[in-house]
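Residue numbers (this note's numbering): 1287 to 2112. Beta carbons are placed, not taken as given, at the ideal position from N, Cα and C, and that holds for glycine. Predicted model only: the values in this text are computed from it and were never measured. Some notes on the structure that comes next.
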RNA sequence: GCCCGGGUGGUGGAAUGGCAUACACGGCGGACUUAAAAUCCGCUGCCCGCAAGGGCUUGUGGGUUCGACUCCCACCCCGGGCACCA
């Protein structure tokens, strides 16, 4: 027997054994009834792991290990999201090639993961910066291209002057670069997009299938996609043949449209003014807008500016002639870039109308109100009854929306439609360390996709990757850029932008299932056997980036017939952030806490347990200033208690008599009750309470021993159940003690303990007696006590008598066997 | 402005409408020790009281109920998302 818990040598020995044998390899194809695919968002390798990683991997690993013990065939893979900006930035700063920097960090990550005992299937590891992975990014790009889902266009793009690349909308947070915080500028560039807007409806609708998502996350995604339901209406412009369509969520207010507004950048605007006195004014108007950043242009209090174009539109519902303006509050990218303005019932149109002296007309009267367009000081954007609207007068506005839409459809001048806030996904990046886009530009054939059999387009190694902001670094690699046109064999140049790294993370979880496939991204049959992911874990920070892109990808693959599930991760646990002083840990803030010190001082088990015990997984965890010493006060001493309990039980396992004392019996009951509750805690991913229950059990075992309890069979049962339940959270200590108990079979292959129903059922319970809603006494009663007996015992209590004071209860509520509530008149 | 999430001891946190404050940290006391550490055993929401006991308490105010941290209504505060999106 060893009284000293020598965590360091124990953990290092087991870590070494596991690293060399990969005990957690999963089968290629699982038994469908028993499969559990459990994935945690793969890390980006900058530096070592930090405490956020430790928390999420500890949660993930507890889930995986628990599932295995319950008889599931578990796949718990890991890989690295290895392309991306930080590698380049670090490389520029220290003149180390990005590849080397990345691989060095992956080595650190892997060492820490093994040292922390995470039970990943190491046979399936891959890095996204390897051609064997990214060639399939290129392959998918070509499939999207064939379907018209990947396209190139000139548009105003978000440009980060610090990172010298464009960004997707999702990577711009309040006008600033998600990565570096720099204010984002607008630049007109020709860029590649994925047509995620084609899937916007499905991305909203299928949130219904994400049953294991929090409301919070679903709201985030709904807000981001921003679906507005309404109608499209066709307006004729005087002197032009083809109509102009507008989008509105309020077709019921159509009769109140008193002018028509185009986005300043709208093509139609320049066509309308061509050759008129307004031509120069419009050019000037546009020039002034261009100097504004997105932040300034959308600033809330900025007064609206507009310009009358001298043209007129015709309102299709009443034939009225209304002036056409451009207005800086109308966005080209939303809806059709053109609106019907209803100043009586829209905040922005009202402001604009008052600024330029345009007519305000009331077509919705609020209940009891008598609005007057000439004198009202604010619009009425709420419900009411339609007026001045021809045959619809008297219709309530909410019903009017539907009825007018139907009416428009019958006349062929409008139709039901949705507008979306989400924009197509801009995937081009003017940086080096990413997947080359498999397109060449031929002088004769133009834009030509690289044929499948010429993939991968390998990222060249010796490139000056310093971003200049003018051209992509790859453009300087002449030898690489110059290529033969796949179509005509003539002179051509490669596309020099690389793909957003979120392309990699949009399907990496499918590659784990067939990681060495050289003929296809994956075998659809293998994927069908493992998918969908049974439990996904990761941070909330990816709510509108990774988690939307990956869902989009999955739906494209569904349409291609490559996968069978509409949603990749119907069950998702968003663990909270690990912060310090309320701020998220980041390199630039210098508040990153790495796990090495904790592992050295207290061990991996103590650290893992500490992260799990600190609160529910989805809650943020503020790492305390004295976090290190907290581990030394909270979980480390308790592991010592477990150690001593088990080792001492081994020393006294032999010669004691085995009479069934009452204390022995009680302890056995506690063991079985703990198994019942802890099992439920694991199922609900409530690891903090699971640990609390195990602590209680250990406390009870100590009390039993200090009261002289020594029954070897009871002690053994307790110790074994304790180790089994603790093993998913503290794998090293439990593996060691399990072996010391004499087991040949490793604990991680043991079955999760079951409990005896008869032992869990209680013989005696504490009955609570309430008088007028207040607890006045607690009485121990047999579990099968009946209502009459409960009343008899309650009334026999002197404490209860003191409060009812001889009066007859006017009402008695009995909830056998735990509660009786008496009501007496005061 | 719209939409989510949250508010419980000194601290992290626990509670299918049924003993609020489990478990743990911290604090206080005791045992062991020449002593300290480690370990083991107790006590620890607030107020009144010598005590027995009583009163109060889950952001605030109301409501439903025999009974509310939990359900309903209104409000306050904190965190997050969206926001000139027609």
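Each residue's CA atom was taken as its position, placing residue 1649 and residue 1627 some 13 Å apart.
Residue range 2097-2101 is occupied by the beta strand (DSSP E) that includes residue 2099. Of 1341, 1294, 1311, the smallest CA-CA separation from residue 1861 is found for 1341. Segment contact: the region 1290-1303 against the region 1323-1339, fewer than three CB-CB distances shorter than 8 Å; contact not assigned. Contact check for residue 1550 against residue 1612 passes: the beta carbons are separated by less than 8 Å. By the C-beta criterion, the region 1784-1799 is judged to be in contact with the region 1418-1429, since at least 3 inter-stretch pairs fall below 8 Å. Here DSSP, grouped into helix, strand and coil, assigns residue 1445 to strand. Residue 1472 has 1444 as its beta-bridge partners, per DSSP.
Excluding sequence positions up to five before and after residue 1511, its CB lies within less than 7 Å of the CB of 1486, 1489, 1490, 1706, 1707, 1708, all in the same chain and listed in chain order. Remark: C-beta atoms of residue 1480 and residue 1430 approach each other more closely than 8 Å. The beta carbon of residue 2013 lies closer than 6 Å to those of 2020, 2033 in the same chain, with the five residues before and after it left out. Residue 1757 sits in coil when the DSSP states are folded into three classes, being neither helix nor strand.
Looking at the backbone, the Cα of residue 1553 and that of residue 1635 are separated by about 22 Å. According to the DSSP assignment, residue 1861 belongs to the beta strand (DSSP E) that extends over 1858-1861.
Around the C-beta of residue 1960, 16 or more other C-beta atoms lie within 10 Å, and the residue is accordingly described as buried.
Here residue 1683 is buried, its C-beta having at least 16 other C-beta atoms within 10 Å.
Secondary structure note for residue 1557: its alpha helix (DSSP H) is the uninterrupted segment 1553-1559. As a beta-bridge residue in DSSP terms, residue 1594 pairs with 1611.
At a Cβ-Cβ threshold of 8 Å, residue 1881 and residue 1974 do not count as neighbours. Pairing residue 2045 with residue 1930 gives a Cβ-Cβ distance that is not under 8 Å.
A distance below 6 Å between beta-carbons, with the five flanking residues on each side excluded, links residue 1782 to the following residues of its chain, in chain order: 1758, 1760, 1761.
Spatial neighbours of residue 1386 in its own chain (CB-CB distance under 7 Å, excluding positions within 5 residues in sequence) are not present.
In the DSSP assignment, residue 1323 is bridged to 1361.
For residue 1692, the closest alpha carbon among the candidates 1595, 1842, 1518 is that of 1518. Going by C-alpha positions, residue 1603 is about 11 Å away from residue 1698. Counting every other CB atom within 10 Å of its CB across the protein chains shown gives residue 1661 a total below 16, marking it as exposed. Judged by DSSP secondary structure, residue 2063 falls within the beta strand (DSSP E) whose first and last residues are 2060-2068. Of the candidates 2074, 2060, 2075, the residue whose Cα lies closest to the Cα of residue 2086 is 2060.
Taking the Cα positions, residue 1460 is about 13 Å away from residue 1454. The shortest C-alpha to C-alpha distance from residue 1920 to any of 1950, 1889, 1834, 1947 is the one to 1889. Approximately 6 Å separates the beta-carbon atoms of residue 1369 and residue 1719; this is inside 8 Å, confirming the contact. In chain order, 1666, 1668, 1670 place their CB closer than 7 Å to the CB of residue 1652, counting only its own chain and leaving out the 5 sequence neighbours on each side. Following the DSSP letters along the chain, one finds residue 1791 in no alpha helix (DSSP H), marked with neither H nor E. Here residue 1321 is buried: its Cβ has 16 or more other Cβ atoms, across all protein chains shown, within 10 Å. With a 10 Å radius around the Cβ and a threshold of 16 neighbouring Cβ atoms, residue 1381 comes out exposed. In this structure, residue 1894 sits away from residue 1361, with a CB-CB distance that is not shorter than 8 Å.
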